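Asks:
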Amino acid sequence: MRSILLIEDNTEVRENTAEILQLASYRVFTAPNGKAGVEIAKVEKPDLIICDIMMPELDGYGVLHLLSRDSNTAGIPFIFLTAKTEKEDFRKGMNLGADDYLTKPFDDLTLLDAIEMRLRKTDTLRKTFQKDAEGLTEFINEAKSTGDLNQLLNGDRKVIRLKKKQLLFSEGDYPSALYFISKGKVKTYKTNEEGREYITALHSEGDFVGYTDLLEESQYNESAAALDDAEIIVVNRQDFFTLLYQNREVANKFIKMLSNDVIEKEERLLKLAYNSVRKRVAESLLMIYDRYTKEGQTSPEIPVSREDLSSLAGASKETVIRTLSDFKDEKLIDISGKNIRLLNLTKLKNMRN
Numbered sequence: 001m002r003s004i005l006l007i008e009d010n011t012e013v014r015e016n017t018a019e020i021l022q023l024a025s026y027r028v029f030t031a032p033n034g035k036a037g038v039e040i041a042k043v044e045k046p047d048l049i050i051c052d053i054m055m056p057e058l059d060g061y062g063v064l065h066l067l068s069r070d071s072n073t074a075g076i077p078f079i080f081l082t083a084k085t086e087k088e089d090f091r092k093g094m095n096l097g098a099d100d101y102l103t104k105p106f107d108d109l110t111l112l113d114a115i116e117m118r119l120r121k122t123d124t125l126r127k128t129f130q131k132d133a134e135g136l137t138e139f140i141n142e143a144k145s146t147g148d149l150n151q152l153l154n155g156d157r158k159v160i161r162l163k164k165k166q167l168l169f170s171e172g173d174y175p176s177a178l179y180f181i182s183k184g185k186v187k188t189y190k191t192n193e194e195g196r197e198y199i200t201a202l203h204s205e206g207d208f209v210g211y212t213d214l215l216e217e218s219q220y221n222e223s224a225a226a227l228d229d230a231e232i233i234v235v236n237r238q239d240f241f242t243l244l245y246q247n248r249e250v251a252n253k254f255i256k257m258l259s260n261d262v263i264e265k266e267e268r269l270l271k272l273a274y275n276s277v278r279k280r281v282a283e284s285l286l287m288i289y290d291r292y293t294k295e296g297q298t299s300p301e302i303p304v305s306r307e308d309l310s311s312l313a314g315a316s317k318e319t320v321i322r323t324l325s326d327f328k329d330e331k332l333i334d335i336s337g338k339n340i341r342l343l344n345l346t347k348l349k350n351m352r353n
C-alpha cells in the first residue's frame with residue numbers, strides 16, 4: 001500500500017483530505033505543523049508528501065528545504081497546498097524543488113489525479129534499468145517521457161572504443177561530458193611527482209565515470225584509463241545537466257553516488273596509511289574480486305597485472321610479488337601467469353579486519 005504524508009495545520013482540511021486519501025486506499029500519516037511533518041517524514045519515508053505552505057513553527061518552504069538536504073528524503077515527491085495564487089508563491093515553491101501545486105479549495109478528483117501522476121512519474125525514474133547501453137537508452141527515453149525536461153536529450157550518442165591502457169581522460173583536463181561504461185573495465189588513478197601511480201577506484205559495465213568533477217565544474221583531479229578493451233558511451237554535458245536540474249530523483253541518485261565515492265576513497269586512504277602490506281594486498285585482491293567477479297562464481301580467478309595491483313595496494317611491485325608468493329605458500333591464492341585465483345576468501349577477509 002502506498003503511503004502519503006499530509007502536513008496541514010487546519011484540522012478540518014487535514015481530516016477531510018486524509019479521509020479522501022484513505023478511501024482511495026492510501027496509507028496516510030498526518031502532521032499538524034511543519035516541524036512534526038519533518039520528523040514523521042524521516043521516520044516513515046512516505047511515497048509522497050502533501051504539504052500546506054502557511055503553517056506555524058515551520059512553514060512548507062522550510063519543510064521542503066530540510067527534507068531536500070537529507071539524502072533519505074530528498075527524492076520523495078512533494079506537492080504544495082496553498083490558498084494563495086500569486087505567481088511569486090508558485091515560483092518560490094518550484095525553485096525549491098516542489099513537484100506540483102494544488103490551490104485550495106480543490107476537489108477530490110483533482111487531488112487524486114495529481115497524486116497518481118506524480119507517483120507514476122517517480123516510479124518511472126526509480127525503475128532499475130539494465131546496466132548496459134540498451135539500459136542507458138531506456139533510462140533516458142523514460143526520463144524524456146515524464147515531460148519534466150525542457151528539451152530532449154540527443155538521440156544519437158557518441159561511443160568511444162578504448163584499447164587496454166588507453167586514456168579516457170587525464171588529470172588536469174576540463175570535463176566536457178559524462179562517461180558511461182558499456183563494456184569493459186576502467187580504472188581511475190592519480191600520479192605523484194615521481195610518476196608513481198595510485199589507483200583511486202575500479203569501474204565496470206554499468207558505471208558512470210567522471211561525474212564528480214563534472215558536477216563540481218572543476219578540472220579532473222584524477223585520470224581514467226581502460227584496464228581492458230572497453231566501450232564508453234558519451235553523454236553530452238548539457239544533456240546531463242538538463243536531466244539533473246529537471247529531475248530531483250536523478251539529482252538525488254548522483255548526490256548519493258558522490259557521497260559514496262568520497263566515503264570509499266577516505267576509507268581506502270586510511271587503510272593505505274595504517275595497514276600492513278599484507279593487509280593492503282589482501283584488501284586490493286578483495287576489491288578487484290568484489291568489482292569484477294560475477295555472482296555465483298566459485299573459486300574466483302581475477303586477471304590483474306602486478307603494476308595495477310601495486311598501484312591499488314600502495315606498495316612497490318617487488319613487495320607485492322613477494323606478498324603474493326607468501327599468500328600462495330599459505331594456500332590463500334593460486335597464481336597462473338597474470339591470473340590470481342582466490343582459494344580462501346574467508347581468511348583474506350579476516351586478514352583485512
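Counting along the sequence shown from 1, when you hit position 48 you're at 48 in the UniProt record's numbering, and nothing is skipped either side.
Ideal Cβ positions, reconstructed from N, Cα and C, are used throughout, including at glycine.
All values derive from a computational prediction rather than experimental measurement.
Would DSSP call Tyr198 helix, strand or coil?
Replies: Strand at Tyr198.
Asks: When DSSP labels each residue in this structure, what does Leu167 get in the three-state scheme?
Replies: In the structure shown, Leu167 sits in a strand (DSSP, three-state: E or B).
Asks: For Arg2, report the span of its beta strand (DSSP E) as first-last.
Replies: Run containing Arg2: none; DSSP gives neither H nor E here.
Asks: What residues match up with Tyr292 in a beta bridge as DSSP calls it?
Replies: Answer is none; Tyr292 lacks a bridge partner.
Asks: Using DSSP bridges, identify the partner residues of Tyr101.
Replies: Looking at the DSSP assignment, Tyr101 forms a beta bridge with Phe80.
Asks: Expressed to the nearest angstrom, what Euclidean distance is found between the alpha-carbon atoms of Gly60 and Thr82?
Replies: Distance between the alpha carbons of Gly60 and Thr82 is about 9 Å.
Asks: Determine whether the beta carbon atoms of Ser305 and Glu197 lie at a separation below 7 Å.
Replies: Cβ distance not < 7 Å, so Ser305 and Glu197 don't count as in contact.
Asks: Is the number of C-beta pairs between the stretch 281-289 and the stretch 322-333 that are closer than 8 Å three or more?
Replies: Counting Cβ pairs under 8 Å, three or more are found: they touch.
Asks: Beta-carbon within less than 6 Å of Leu21's beta-carbon, same chain only, minus the 5 sequence neighbours each way: which residues are those?
Replies: Counting only Cβ-Cβ distances below 6 Å, and skipping sequence neighbours, we find Ile4 and Val28.
Asks: Helix, strand or coil: how does DSSP classify Asn16 here?
Replies: Asn16 falls in the helix class under three-state DSSP.
Asks: Taking Ala98 as the reference, which of Val63, Thr110, Lys104 and Asp113 has the closest Cα?
Replies: Closest option to Ala98, Cα to Cα, is Val63.
Asks: Assign Val186 to one of three DSSP states: helix, strand, or coil.
Replies: In this structure, Val186 counts as strand in the three-state DSSP scheme.
Asks: Indicate the three-state DSSP secondary structure (helix, strand or coil) for Tyr179 in the structure shown.
Replies: Reduced to three states, the DSSP call for Tyr179 is strand.
Asks: Three-state secondary structure (DSSP) at Thr346?
Replies: In the structure shown, Thr346 sits in a helix (DSSP, three-state: H, G or I).
Asks: Which residue from Glu171, Leu23 and Pro303 puts its Cα closest to that of Glu222?
Replies: With distances taken between Cα atoms, Glu222 lies closest to Glu171.
Asks: Give the secondary structure of Asp213 by DSSP, where H, G and I count as helix, E and B as strand, and everything else as coil.
Replies: DSSP places Asp213 in helix when its eight states are reduced to three.
Asks: Here's the rule: buried if 16 or more other CB atoms are within 10 angstroms of the residue's CB, otherwise exposed. What is Arg120?
Replies: Exposed is the call here.
Asks: Measuring straight from C-alpha to C-alpha, what distance separates residue 380 and Val186?
Replies: Residue 380 lies beyond the stretch modelled for the chain, which goes from 1 to 353, so this question has no answer here.
Asks: Give me the Cα-Cα distance between Asp123 and Arg322, rounded to the nearest whole angstrom.
Replies: Their Cα atoms are separated by approximately 52 Å.
Asks: With respect to the alpha helix (DSSP H) encompassing Asp329, which residues constitute its N-terminal and C-terminal limits?
Replies: Residues Lys317 to Asp329.
Asks: Who are the near neighbours of Gly210 in its chain, counting only those whose CB is closer than 8 Å to its CB and skipping five residues on each side?
Replies: Taken in chain order, the residues that qualify are Leu168, Phe169, Pro175, Ala177, Leu178, Tyr179, Tyr220 and Ala224.
Asks: Within the same chain, show all residues whose beta-carbon is closer than 7 Å to that of Leu309, passing over the 5 residues directly before and after it, in chain order.
Replies: Here the set comprises Ser284 and Val320.
Asks: How should Asp113 be labelled, buried or exposed, when 16 other C-beta atoms within 10 angstroms of its C-beta is the threshold for buried?
Replies: So Asp113 counts as exposed.
Asks: Quick one: Cα of Tyr26 to Cα of Asp52, how far?
Replies: Taking the straight line joining both Cα atoms gives about 19 Å.
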